[in-house]
Amino acid sequence: MPQLPSLLKKYFGHSEFRPLQEEIIRQILAGNDALVLMPTGGGKSVCYQLPALVFDGLTVVISPLISLMKDQVDAALSNGIPAACLNSTLTQEESERIIRDLRDGLIKLLYCAPERFALPQFREFLRTLPIKLFAVDEAHCISEWGHDFRADYRTLSLLKEEFPKLPVVALTATATGQVADDIVEQLGIPNAKRFVSSSNRQNLTYRVERKTNAFNKLVHWVTKFKGESVIVYCFSKKETDKIAEQLCALGFNARPYHAGMKPEKRARNQSDFINDKVDIITATIAFGMGIDKSDVRLVVHYSLPKTIEGYFQETGRAGRDGLESECVLFYGPGDQFNQKYFIQQIQDPYQQDKRYEQLNQMVSYCELKKCRRKQLLNYFGESFEQDNCQGCDVCLNTQTSFNAAEVSQKVFVAIHETGGRFGASHIINILLGKNLKKIRDLSHNKLVSYGAVIDFNKDHLAQIIATLVEENYLKKETGMYPTLSLTHKGVTFLDNATPELTMDEPETEAEIPQPKARAATKTKLKSKLSYNQDLFEEFRTLRKHLAIKNNVPPYIIASDKTLIELAHFLPVTTAQLININGIGEVKAQRYGREFIEIIKEYA
Ligand code: ADP
Ligand code: ZN
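Position in the sequence shown counted from 1, then plus 820, gives you our numbering.
Rendered as structure tokens:
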């Protein structure tokens, strides 16, 4: 048996296997089937790329997206693994060259899409090659129970029929038990050993924030991560465009991504994001499947996601490199109604029920007052025993609530006394006892509720009223006169002698920082290692430069984590360089000298 740890170091630059990686690799090298369930960023690629290096022959990887394939091939090549892909974007010449290289045994790793595998003449060609292993990436796409079913994946049942002797490894990040069973059945690998690693992403913090002043809150978050990569998931194409525009107007570098755009423009926005030319992408859920960017530091859900699976996969795009990253979801009960509206249009009662159930699961996640991580992991069939995860808003205790019964009653009285004919700002002025002409003219300074509120300011009252509307105590008219009136629920509350109502502590309005102040803030990434920020920035510049020169995304040259280690350990010889996580022999040879030069100058 070859020395697996030394191959891991040599090609991938890692000094140790992560949990399960070595067992998976041994299972595959023994010629057996395997099903690998590992979270995003868990390190699935090593599980089939390392066997590919050991096998005397070819490994074929089925991967759903062409955009992802190029990335994976670039990453493998940059580690010194001979890899290629065959897909429709290649010129005839390029395809012919790859086919020749395959025949000459010059390629170890071949990526292709399921559509191609579905072609009989392609499988015919494959049979002429010394294939040793098939890897099915994003294997959940084969299941209708998953969240992005792809019909082409169904033809993969031919794998075992036509290549019965070859081992198959199926890999996915999101699979419930049902999906896992389905994968095994569809692929015809009943004896596949299952390797399930924890879905827990320790470096991610999960937060749910109230969707009041959502845009200002968003600005706050993206300011905190200024200059870093951020994805903002939106509900509609329109919202996607609008938010990108508003962020740009404030001096942020944001671009939209959705199905309604011209394909070239969309592709350019995506590649600018991947190449660190654009910081923020606002997107509908279509975005992200095709990218492996390792240094996304913040994922925002501006609106309620449709399913927990989808939410988990989207948040999973943050922090693949293992550095601390944030996942923030804005939740207002109003989002439910948007979704319910669409669900009502669904004809098939079975699908409709399923969607209602998914929506309810998502809503109860948002309204949860207990550890969010625990809830997520439980959803995927995993138990989480720690009392405090230290990585969700509930456990970090950032949301504090207060007893809002009394102030709400005062609001209701003011609305009741004025006959439900006024909007929020007038009601607030009454409650605060403002000496205004309009109030005097209407004799509203004679009301019981006039000046009744002393312990809340205007902004706080506005948030309290917004919450009362969201929670259906108040009805707000749409249109030109957004007057407030009491709903049945509100009237009942007003009549209740011992009403109870708690609300999250009102937030001070998130101020929009001035563009100049923003430019001055440079985020220092959280890491256990100490490092010099200026040196780190120099490495980043060099990385960008090398990326352009080699025509690959920056994160393929080195992850942020690798740059932090470089800035901490300050290696000055090739031997020291190879000790850095993420730098193998090939990378040390190709790029080492330039990094060392910077370090020497710094020292
Ligand atoms: P996945 O495909 O599961 O999302 P990747 O294969 O892209 O994950 O790996 C995610 C990150 O983890 C990459 O930056 C990779 O270099 C790193 N990684 C993988 N295996 C190891 C390991 N044994 N030690 C340290 N880092 C690793
Ligand atoms: Zn928690």
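Just so it is clear, CB atoms sit at the ideal spot from N, CA and C, and this is done for glycine as well. None of these values were measured; they are calculated from a predicted model.
Buried or exposed: which applies to residue i, given that a residue is buried once 16 or more other Cβ atoms fall within 10 Å of its Cβ?
i: S1350; result: exposed
i: P950; result: exposed
i: P984; result: exposed
i: N1033; result: buried
i: L1024; result: buried
i: A1317; result: exposed
i: K1420; result: exposed
i: E1129; result: buried
i: A1340; result: Residue placement at A1340 is poorly supported in this model, since its pLDDT is 41, which falls under 50; the coordinates are not used for a value here.
i: H1264; result: buried
i: I1274; result: exposed
i: K1189; result: exposed
i: I1403; result: buried
i: M889; result: buried
i: Y1301; result: exposed
i: K829; result: buried
i: Y868; result: buried
i: T948; result: exposed
i: P940; result: exposed
i: P1169; result: exposed
i: Q1006; result: buried
Ends of the alpha helix (DSSP H) at residue i?
i: S1029; result: For the sequence presented, residue 1029 should be read as Glu rather than Ser. Segment 1024-1030 is the beta strand (DSSP E) holding E1029; no alpha helix (DSSP H) there.
i: H1280; result: 1278-1290
i: I1003; result: 997-1007
i: F771; result: Absent from the structure is residue 771, since the part of the chain shown begins at 821 and ends at 1423.
i: R846; result: 841-849
i: V1042; result: 1034-1044
i: A1387; result: 1380-1389
i: A1064; result: 1057-1069
i: L1118; result: It is not in any alpha helix (DSSP H) - L1118 instead sits in the beta strand (DSSP E) that spans 1116-1121.
i: I1403; result: Per DSSP, I1403 belongs to no alpha helix (DSSP H) and is neither H nor E.
i: L979; result: 978-982
i: C1376; result: Note on identity: in this sequence residue 1376 is Ile, with Cys being the wrong assignment. Element bounds for I1376: 1374-1377.
From which residue to which residue does the beta strand (DSSP E) around residue i run?
i: V1098; result: Per DSSP, V1098 belongs to no beta strand (DSSP E) and is neither H nor E.
i: L1294; result: 1294-1296
i: V777; result: Past the edges of the chain, shown from 821 to 1423, lies residue 777, and the structure says nothing about it.
i: A1087; result: No beta strand (DSSP E) contains A1087, which is instead part of the alpha helix (DSSP H) from 1083-1094.
i: A1074; result: 1074-1077
i: I1051; result: 1049-1053
Tell me whether residue i sits in a helix, a strand or coil according to DSSP, three-state version.
i: I882; result: strand
i: F1415; result: helix
i: S1145; result: strand
i: A1337; result: Below a pLDDT of 50, predicted positions are generally treated as unreliable, and A1337, at 41, falls in that range; the measurement from the model is reported next regardless. Note: A1337 maps to helix in three-state DSSP.
i: H834; result: coil
i: T994; result: coil
i: T1127; result: coil
i: M1182; result: helix
i: A1330; result: Interpretation of A1330 is limited by its pLDDT of 49, a score under 50 that renders its predicted location unreliable; no figure is taken from the coordinates.
i: A1395; result: helix
i: T1322; result: strand
i: S887; result: helix
i: S1305; result: strand
i: A1272; result: coil
i: K829; result: helix
i: K1160; result: helix
i: R1014; result: strand
i: Y973; result: helix
i: T1312; result: helix
i: A854; result: strand
i: N1138; result: Per the sequence shown, residue 1138 should be read as Ala rather than Asn. In the structure shown, A1138 sits in coil (DSSP, three-state: anything other than H, G, I, E or B).
i: A1317; result: coil
i: A1423; result: coil
i: F1132; result: helix
Is the beta carbon of residue i within less than 7 Å of some heavy atom of ligand 4?
i: C1209; result: Of the ligands one can find in the structure shown, namely ligand 1 and ligand 2, none is ligand 4.
Determine, using beta carbons only, whether residue i comes closer than 8 Å to chain C.
i: N1399; result: The structure shown contains no chain C; it holds only a single protein chain.
Problem set entry | Complete runs of the alpha helix (DSSP H) confined to the stretch 1186-1257 [at least 4 residues] | 1192-1199, 1213-1216, 1225-1237, 1244-1251
For this session: Quick one: which unbroken beta strand (DSSP E) runs of 3-plus residues sit fully inside the stretch 889-967? Chain order, please.
Result: 903-906, 929-932, 951-956
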